[in-house]
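One structure is given below, encoded as structure tokens.
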Amino acid sequence: MAEISVLAEGYVLSLEGGGLKASPSPVLIEDAGTRILVDPGADRKGLLCGLSRKGLHPEDVEMIFVTHTHLDHILNLRLFPETDVCDSSFIYRGDEEIPYGKLIPRTGVEVVPTPGHCPDHASLLVPVDGEIWLVAGDLFWWRDDAVQKTDIGSLMALEDESASDLRALRTSRMTALARANVVIPGHGKLFRPDRRSLSGLQ
Ligand SMILES: [Zn+2]
Ligand SMILES: [Zn+2]
177 MAEISVLAEG YVLSLEGGGL KASPSPVLIE DAGTRILVDP GADRKGLLCG
227 LSRKGLHPED VEMIFVTHTH LDHILNLRLF PETDVCDSSF IYRGDEEIPY
277 GKLIPRTGVE VVPTPGHCPD HASLLVPVDG EIWLVAGDLF WWRDDAVQKT
327 DIGSLMALED ESASDLRALR TSRMTALARA NVVIPGHGKL FRPDRRSLSG
377 LQ
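Here it is as structure tokens:
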């Protein structure tokens, strides 16, 4: 059984004069003695404060999982020069690319391809205290000035201005929501989808 925590809440703000200020929620998963950081983000201070609240330093992280390679999700990789990084297909160790299966090695954390926001997007399903937590990445995300509606209909209809494939995004959302009790979105607040309304949509 894993432990999971959101180290800092992800955000997307508009900058005066154009542009964005954005960083996703970095998530720490500890399972079977392995410490995984998901999406280190771009907010250096938020990440380091979140780790230090856990009594941890960057070198205490054993593996980093990236949901996708938009730069706001990965700029902080530079704080972890020696740490293995993985996506849904490979573990990157220096210049080596090592394939692995459906689970992050030595853990019960399941990797699920969730294309749509971008073609190589993936999310994680983490068993925690008898429930399944979805570390969604940008499968779901909100700007800070948006109202975060989390009934299933609103989640399925949620617009993604950066999506590369809306049909794939919808399928990925349906697949992931069918299994998740708790969802950590890329940017926004953790939520519990209302699973009772799920059956009507399938
Ligand atoms: Zn993204
Ligand atoms: Zn994002």
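Every number in the numbering used here is 176 more than the matching position in the sequence shown, counting from 1. Glycine included, C-beta positions come from ideal geometry on N, C-alpha and C.
Unbroken alpha helix (DSSP H) stretches of 4 residues or longer found wholly inside the region 219-301: 220-229 and 247-250, given in chain order. Remark: three or more beta-carbon pairs, one from each stretch, lie closer than 8 Å, so the region 229-249 and the region 206-217 are flagged as touching.
In this structure, DSSP gives S348 a helical state, which the three-state scheme calls helix.
The Cβ atoms of R220 and L196 lie no closer than 9 Å to each other. For G362, there is no enclosing alpha helix (DSSP H); the residue is part of the beta strand (DSSP E) that begins and ends at V358 to H363. For A208, there is no enclosing alpha helix (DSSP H), as DSSP gives it neither H nor E. If you check the C-beta of G362 against ligand 1, you find a heavy atom less than 8 Å away. The three-state secondary structure of A178, taken from DSSP, is coil. The residue from E258, G231 and D341 with its alpha-carbon nearest to that of L204 is G231. Around ligand 1, the residues selected by a Cβ distance under 5 Å to any of its heavy atoms are H246 and D314, following chain order. Judged by DSSP in its simplified three-state form, S330 adopts helix. The beta carbon of L342 sits closer than 8 Å to the beta carbons of G292 and D336 from its chain, once the five residues preceding and following it are set aside; these are given in chain order. The three-state secondary structure of L315, taken from DSSP, is strand.
With fewer than 16 other Cβ atoms inside 10 Å of its own Cβ, G209 counts as exposed. Taking the Cα positions, H233 is about 27 Å away from I308. Placement of the Cβ of P200 at a distance of less than 8 Å from at least one heavy atom of ligand 2 is found.
Residue range L196 to S199 is occupied by the beta strand (DSSP E) that includes A198. Nearest to A352 by C-alpha distance, out of V302, L189 and S181, is V302. Cβ atoms of L315 and T347 stay farther apart than 8 Å, at about 11 Å.
In the DSSP assignment, the residues bridged to P303 are I308. Membership of S190 in the beta strand (DSSP E) is indicated by the continuous run Y187 to S190.
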